[in-house]
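Down below is the structure, laid out as structure tokens.
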Amino acid sequence: MPNATILPWEAAVAAENGLTRDKAVVTDLKYAFDALEPYISKEINELHYTKHHNTYAANYNKFISEYEEAVEKNDNGSKERLLPLLQFNAGGVINHNLWWNNLTPQKDGGGQPPPADSALAKAIKDKYGQLSILTDLVNVRLAGIQGSGWAWIVKDRSTSSLGVITTSNQDVVPDNYIPIVGIDAWEHAYYLQYKNVKADYFKAVWNVVDWSAAASRFEA
Ligand code: MN3
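Residue numbers for the sequence shown follow this note's numbering, beginning at 3 and rising by one.
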């Protein structure tokens, strides 16, 4: 698993996405649960945010206090047991904080391509020719995920180039990348609405992606 040697709170994406060693925080939602309809239903958003995302945070906060206790007692067995639980739940918090900020209702610009004069728009044109080639590629990668995971449009920190990667379960993007857009391929993200036809969800979700926010992340 990527970042296995890195403690979850040391991941580059952690601090700016709600996770410090002491505490996991769920970001405030900037839109109503029904604001992404018809592409993502109110029911999905409500469960995804109030149950799934919140549970990752609650679990992290529970396990980190147990972990700190184990550190104090020099209890290596407990530390080893808790670390994968911390990794998983930390990833859940970080990835979902990115997720909600990735999306925006159509009335607020969801689905609008990145501003033409942005570095992101230029990078997409240079590498892929047009936005739809990039989103089609992400959809192919999403369809190929075995089990649960995410696909990410990323910026390589050393070369600044754009790329597409996938991560398993709640693994976060490896430290050499900045996440620009992440698409949640867990069943909980689509099943209530799209059932087994996840390809329709992958097509629909781009209608509410916030490319303006993505362009800002790309310039960071
Ligand atoms: Mn999810």
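Glycine residues also receive a C-beta, built at the ideal position from the N, C-alpha and C atoms.
Boundaries of the alpha helix (DSSP H) in which residue i is found, first to last residue
| i | result |
| --- | --- |
| Val28 | Note, Val28: premise wrong, no alpha helix (DSSP H); not H, not E. |
| Asn61 | 56 to 74 |
| Ile46 | 44 to 49 |
| Gln195 | 193 to 196 |
| Ile147 | Premise fails: Ile147 is in no alpha helix (DSSP H) and is neither H nor E. |
| Tyr203 | 200 to 206 |
| Leu122 | 121 to 130 |
Proximity winner among the options, relative to residue i (alpha-carbon distances)
| i | options | result |
| --- | --- | --- |
| Ala121 | Ile8, Asn141, Glu221 | Glu221 |
| Ala191 | Ala13, Lys32, Lys81, Gly94 | Gly94 |
| Pro117 | Ala216, Arg83, Trp102 | Ala216 |
| Val207 | Val166, Gln114, Arg159 | Gln114 |
| Trp188 | Lys75, Gly79, Ala13, Lys200 | Lys200 |
| Ser214 | Arg159, Asp177, Asp119 | Asp119 |
| Val210 | Tyr193, Asn141, Gln108 | Gln108 |
| Gly165 | Gly151, Gln148, Trp152, Val140 | Val140 |
| Ile180 | Ile155, Lys44, Tyr193 | Ile155 |
| Thr22 | Phe204, Asp158, Asn91, Ile42 | Asn91 |
| Tyr193 | Ile42, Lys124, Ala17 | Ile42 |
Limits of the beta strand (DSSP E) - the one that residue i falls within
| i | result |
| --- | --- |
| Asp158 | 151 to 158 |
| Pro86 | Element bounds for Pro86: not the beta strand (DSSP E) but the alpha helix (DSSP H), 78 to 104. |
| Ser170 | 164 to 170 |
| Ile182 | 179 to 186 |
As assigned by DSSP and simplified to three states, the class of residue i
| i | result |
| --- | --- |
| Val15 | coil |
| Val211 | strand |
| Gly112 | coil |
| Leu9 | coil |
Beta carbon of residue i nearer than 8 angstroms to that of residue j
| i | j | result |
| --- | --- | --- |
| Leu144 | Leu38 | no |
| Thr169 | Trp102 | no |
| Ile96 | Val15 | yes |
| Tyr26 | Tyr62 | One detail in the question is off: residue 26 reads as Ala in this sequence, not Tyr. Yes, these two residues count as a Cβ contact at 8 angstroms. |
| Leu133 | Pro10 | no |
| Leu100 | Asn19 | yes |
| Gly112 | Asp212 | yes |
| Ser163 | Lys129 | yes |
| Ile46 | Gln195 | yes |
| Tyr69 | Lys53 | no |
| Ile8 | Asp138 | no |
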